[in-house]
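Peer 1: Start counting the sequence shown at 83; every next residue gets the next number (our numbering).
Note that CB positions come from ideal geometry on N, CA and C, so glycine has one too.
Following this message is one structure expressed as structure tokens.
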Amino acid sequence: MLIHVRYDEVALKGGRRGWFEERLRENVARQLGVPLGRVRRTRGRLLVDLPADADPRAALAALGRTFGVASAAEVHRVPKELAAAEEIAVRLAEELVAAGRTRFKCEVRRADKSFPEGSYAIAARLGARVLEEIPGARVDVHEPEFVIGVEVRDDAIYLHSGGNPGPRGVPTGTGGRALCLLSGGIDSPVAAWFALKRGLHVDHCYFHAFPYTGERVLEKVLSIARTLSRWTPRRVRVFVPSTTEIQDRIAAAAPEPLRVVLLRRAMYRIADAIRSARGHKALVTGEALGQVASQTPENLLCVEAVVPQTLVLRPLVGLDKVEIMERARAIGSYETSILPYQDCCSLFAPRSPETRARPDRCAAIEEELELGPLEEASLRELAVYGIERGGEPERLDERAPPRLRDAATDEPSE
Numbered sequence: 083m084l085i086h087v088r089y090d091e092v093a094l095k096g097g098r099r100g101w102f103e104e105r106l107r108e109n110v111a112r113q114l115g116v117p118l119g120r121v122r123r124t125r126g127r128l129l130v131d132l133p134a135d136a137d138p139r140a141a142l143a144a145l146g147r148t149f150g151v152a153s154a155a156e157v158h159r160v161p162k163e164l165a166a167a168e169e170i171a172v173r174l175a176e177e178l179v180a181a182g183r184t185r186f187k188c189e190v191r192r193a194d195k196s197f198p199e200g201s202y203a204i205a206a207r208l209g210a211r212v213l214e215e216i217p218g219a220r221v222d223v224h225e226p227e228f229v230i231g232v233e234v235r236d237d238a239i240y241l242h243s244g245g246n247p248g249p250r251g252v253p254t255g256t257g258g259r260a261l262c263l264l265s266g267g268i269d270s271p272v273a274a275w276f277a278l279k280r281g282l283h284v285d286h287c288y289f290h291a292f293p294y295t296g297e298r299v300l301e302k303v304l305s306i307a308r309t310l311s312r313w314t315p316r317r318v319r320v321f322v323p324s325t326t327e328i329q330d331r332i333a334a335a336a337p338e339p340l341r342v343v344l345l346r347r348a349m350y351r352i353a354d355a356i357r358s359a360r361g362h363k364a365l366v367t368g369e370a371l372g373q374v375a376s377q378t379p380e381n382l383l384c385v386e387a388v389v390p391q392t393l394v395l396r397p398l399v400g401l402d403k404v405e406i407m408e409r410a411r412a413i414g415s416y417e418t419s420i421l422p423y424q425d426c427c428s429l430f431a432p433r434s435p436e437t438r439a440r441p442d443r444c445a446a447i448e449e450e451l452e453l454g455p456l457e458e459a460s461l462r463e464l465a466v467y468g469i470e471r472g473g474e475p476e477r478l479d480e481r482a483p484p485r486l487r488d489a490a491t492d493e494p495s496e
């Protein structure tokens with residue numbers, strides 16, 4: 083059983099194309115759970131030789147969650163004789179016409195230029211045989227209901243009846259690693275997904291505030307992370323620091339309009355310590371401009387000021403809420419995200435949030451509140467979970483706590 087994998091953006095990588103193709107090959111093997119030797123590169127494509135007992139539908143679904151894949155299709159391999167190719171073309175068309183899809187066309191790619199028949203001649207011959215054998219079938223090159231794809235390669239002719247779309251993008255992991263600030267809401271999982279699409283391996287950081295946010299909220303977030311882990315071939319880690327004491331201190335002594343900004347600044351410092359200790363290149367957030375009152379350019383700048391040496395990615399900045407919700411549904415995170423368990427920021431929101439917070443004023447308040455020791459304590463008590471390609475979350479024993487970073491030097495604070 084053969085699966086034919088197409089990619090597009092990877093093919094444009096110039097001198098590093100081979101490296102990107104090899105990373106995609108490795109990711110495909112991991113996603114399908116097959117030995118690397120069963121996935122081979124062949125003239126701008128990957129060809130996967132699945133075991134005889136494999137489920138092709140499950141394999142195609144997994145490839146539909148593999149970044150870098152443009153499309154994938156089950157293919158039939160025949161000797162380089164057009165009579166054999168005609169028989170497969172008729173068999174493929176019979177199934178689809180019986181299902182009510184009658185308009186078709188043949189698309190031929192002749193990678194082996196020494197083959198005596200040209201692409202148009204091959205398409206015409208196979209199409210004529212289908213019309214001859216199957217009553218009701220008709221050619222429509224402009225609006226076909228199905229396509230018989232043909233590739234003439236050095237070793238054989240390969241045929242398929244259309245591919246399942248992949249997520250495109252570039253192979254996960256080719257851009258390094260990033261840490262996403264993951265909440266239980268709709269936005270941050272979508273931000274993580276877009277970071278995965280651009281080649282980043284994404285781990286997550288969820289800020290837990292027990293008892294304000296109970297264990298059901300943690301379970302919800304781990305379920306979202308589990309959904310996202312199905313889109314990546316390697317183990318995903320979820321770091322869970324506690325912000326309970328930090329929130330209590332801010333709620334008791336900070337100006338109410340600045341509560342969320344101060345909490346977000348603390349979260350950024352904690353997440354950045356984890357990022358630096360674990361070798362992540364960037365932070366990823368689900369923040370966007372203007373979706374809530376506190377998401378103004380001034381407030382985003384004020385929050386980001388605590389990590390000036392760190393790249394902060396906000397993939398959702400150009401999307402509206404409807405677009406984000408549509409993407410969440412496609413990813414599979416939406417139904418979990420809308421479960422009615424609030425995260426720590428939603429419980430902490432002031433009635434009239436500050437929309438133009440100033441970094442100098444926030445820094446002065448933080449010094450008065452003495453948040454540093456509380457943030458260090460949060461890192462010492464850090465919980466870590468591992469999730470492997472949609473499996474159950476597993477608590478990991480990773481004891482070495484990260485340390486807060488100095489904002490100016492990105493070195494551990496003394």
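Please look up how many angstroms separate the CB atoms of residue 288 and residue 303, rounded, as I've assumed it's under 8 Å.
Peer 2: Position 206 of the sequence shown, counting from 1, holds the residue named residue 288. Position 221 of the sequence shown, counting from 1, holds the residue named residue 303. About 5 Å separates the two Cβ atoms, so the contact holds.
Peer 1: Skipping 5 residues on each side, what residues in its chain have a beta carbon closer than 7 Å to that of residue 382?
Peer 2: Walking along the sequence shown from the start, residue 382 turns up at place 300. Around residue 382: 369.
Peer 1: Around the Cβ of residue 496, are there at least 16 other Cβ atoms within 10 angstroms (buried) or fewer (exposed)?
Peer 2: Numbered from 1 along the sequence shown, position 414 holds the residue referred to as residue 496. Because residue 496 carries a pLDDT of 44, less than 50, the predicted location of this residue cannot be relied on, and no value is offered for it.
Peer 1: Could you tell me if residue 168 is buried or exposed, where buried requires 16 or more neighbouring beta carbons within 10 angstroms of its beta carbon?
Peer 2: Position 86 of the sequence shown, counted from the start, is the residue given in the question as residue 168. Its Cβ being crowded by 16 or more others within 10 Å, residue 168 is buried.
Peer 1: Where do the N-terminal and C-terminal ends of the alpha helix (DSSP H) with residue 416 fall, by residue?
Peer 2: Here residue 416 refers to the residue found at position 334 when the sequence shown is read from its first residue. Its alpha helix (DSSP H) spans residues 416–419.
Peer 1: DSSP state of residue 204, grouped into three classes?
Peer 2: Taking the sequence shown and counting its residues from 1, the one referred to as residue 204 is at position 122. Looking at residue 204 - three-state DSSP - the assignment turns out to be helix.
Peer 1: Who pairs with residue 393 in a beta bridge, going by DSSP?
Peer 2: Counting from 1 along the sequence shown, the entry for residue 393 is found at position 311. Answer is 364.
Peer 1: Does the beta-carbon of residue 103 have 16 or more other beta-carbons within 10 angstroms, so that it is buried, or is it exposed?
Peer 2: Residue numbering aside, residue 103 sits at position 21 when the sequence shown is read from its first letter. Answer is buried; the Cβ neighbour count reaches 16.
Peer 1: Would residue 537 and residue 251 qualify as a contact pair, given that the criterion is a beta-carbon distance under 8 Å?
Peer 2: Residue 537 lies beyond the residue range present for the chain, which begins at 83 and ends at 496; the question has no answer from this structure.
Peer 1: Let me check one thing: in DSSP terms, what residues is residue 231 bridge-paired to?
Peer 2: Here residue 231 refers to the residue found at position 149 of the sequence shown. Note: residue 231 sits in a beta bridge opposite 189 and 242.
Peer 1: DSSP three-state call for residue 44: helix, strand or coil?
Peer 2: The shown model of the chain, from 83 to 496, leaves out residue 44, and the question about it has no answer.
Peer 1: Taking 6 Å as the limit between beta carbons, can you name the residues of its chain near residue 158, skipping five residues before and five after?
Peer 2: As a first step, residue 158 must be located in the sequence shown, where it is residue number 76. These residues qualify, in order along the chain: 170 and 241.
Peer 1: Determine the extent of the beta strand (DSSP E) in which residue 285 is found, giving its start and end residues.
Peer 2: The residue you call residue 285 lines up with position 203 of the sequence shown. Note, residue 285: beta strand (DSSP E), 283–287.
Peer 1: Could you check whether residue 326 and residue 353 sit closer than 8 Å to each other, using their CB atoms as the reference points?
Peer 2: Along the sequence shown, read from residue 1 onward, the residue named residue 353 stands at position 271. Along the sequence shown, read from residue 1 onward, the residue named residue 326 stands at position 244. No, these two residues do not count as a Cβ contact at 8 Å.
Peer 1: I'd like the list of long-range same chain contacts for residue 220, defined as Cβ closer than 8 Å, with 5 residues on each side in sequence excluded.
Peer 2: For this step, residue 220 is matched to residue 138 along the sequence shown. These residues qualify, in order along the chain: 184, 185, 186 and 213.
Peer 1: Kindly provide the ranges of any beta strand (DSSP E) runs that are 3 or more residues long and lie completely inside the segment 135–179, ordered along the chain.
Peer 2: DSSP runs (the beta strand (DSSP E)) wholly in the segment 135–179: 153–160.
Peer 1: Count the CB pairs spanning the segment 327–334 and the segment 226–243 that are closer than 8 Å, and state whether there are at least three.
Peer 2: Because the criterion of three Cβ pairs below 8 Å is not met, the segment 327–334 and the segment 226–243 do not touch.
Peer 1: When DSSP labels each residue in this structure, what does residue 496 get in the three-state scheme?
Peer 2: Numbered from its first residue, the sequence shown carries residue 496 at position 414. The pLDDT assigned to residue 496 is 44, lower than 50, so where the model puts this residue is not dependable; a value taken from the coordinates is nonetheless given after this. Residue 496 falls in the coil class under three-state DSSP.
Peer 1: Measuring straight from C-alpha to C-alpha, what distance separates residue 387 and residue 156?
Peer 2: Position 305 of the sequence shown, counting from 1, holds the residue named residue 387. Position 74 of the sequence shown, counting from 1, holds the residue named residue 156. Computed Cα separation, rounded: 51 Å.
Peer 1: Roughly how many angstroms lie between the CA atoms of residue 125 and residue 193, to the nearest whole one?
Peer 2: Taking the first residue of the sequence shown as 1, we reach residue 125 at position 43. Taking the first residue of the sequence shown as 1, we reach residue 193 at position 111. Near 8 Å, if we compare the C-alpha coordinates of residue 193 and residue 125.
Peer 1: In this structure, does DSSP put residue 478 in helix, strand or coil?
Peer 2: Residue 478 sits at position 396 when you count from the first residue of the sequence shown. Strand, per DSSP.
Peer 1: What is the DSSP secondary structure of residue 271, reduced to helix, strand or coil?
Peer 2: If you number the sequence shown from 1, residue 271 lands on position 189. Of the three classes helix, strand and coil, the one that applies to residue 271 here is helix, per DSSP.
Peer 1: Rounded to the nearest angstrom, what separates residue 440 and residue 324 at their Cα positions?
Peer 2: Translated into the one-based positions of the sequence shown, residue 440 becomes position 358. Translated into the one-based positions of the sequence shown, residue 324 becomes position 242. Approximately 26 Å, taken between the alpha carbons.
Peer 1: With distances taken from CA atoms, which of 431, 417, 356 and 442 is nearest residue 380?
Peer 2: Locating residue 380 in the sequence shown gives position 298, where the first residue counts as 1. Taking only the C-alpha atoms, the option nearest residue 380 is 442.
Peer 1: Tell me, please, whether the segment 451–464 touches the segment 343–358 by the rule of three or more beta-carbon pairs shorter than 8 Å.
Peer 2: Yes, the segment 451–464 is in contact with the segment 343–358.
Peer 1: Please report how far the alpha carbon of residue 486 lies from the alpha carbon of residue 261, in whole angstroms.
Peer 2: Against the sequence shown, residue 486 aligns to sequence position 404. Against the sequence shown, residue 261 aligns to sequence position 179. The alpha-carbon atoms of residue 486 and residue 261 are separated by roughly 15 Å.
Peer 1: Can you tell me which of the three DSSP states residue 469 falls into?
Peer 2: Position 387 of the sequence shown, counting from 1, holds the residue named residue 469. Looking at residue 469 - three-state DSSP - the assignment turns out to be strand.
Peer 1: Express the C-alpha separation of residue 335 and residue 451 in angstroms, rounding to a whole number.
Peer 2: One-based indexing of the sequence shown puts residue 451 at position 369. One-based indexing of the sequence shown puts residue 335 at position 253. The alpha-carbon atoms of residue 451 and residue 335 are separated by roughly 7 Å.
Peer 1: Is residue 354 near the ligand ZN - that is, is its Cβ less than 7 Å away from at least one heavy atom of it?
Peer 2: Among the ligands in the structure shown, none appear at all, so the ligand ZN cannot be discussed.
Peer 1: Our contact map puts residue 476 next to residue 468 with C-beta atoms below 8 Å; I'd like the distance itself, whole angstroms only.
Peer 2: Sequence index remark: in the sequence shown, residue 476 carries index 394 (1-based). Sequence index remark: in the sequence shown, residue 468 carries index 386 (1-based). Correct: roughly 5 Å between the Cβ atoms.
Peer 1: My understanding is that residue 198 touches residue 106, with C-beta atoms under 8 Å, so please give their C-beta distance in whole angstroms.
Peer 2: Residue mapping note: residue 198 aligns to position 116 of the sequence shown, counting from 1. Residue mapping note: residue 106 aligns to position 24 of the sequence shown, counting from 1. So it is not a contact: roughly 33 Å between Cβ atoms.
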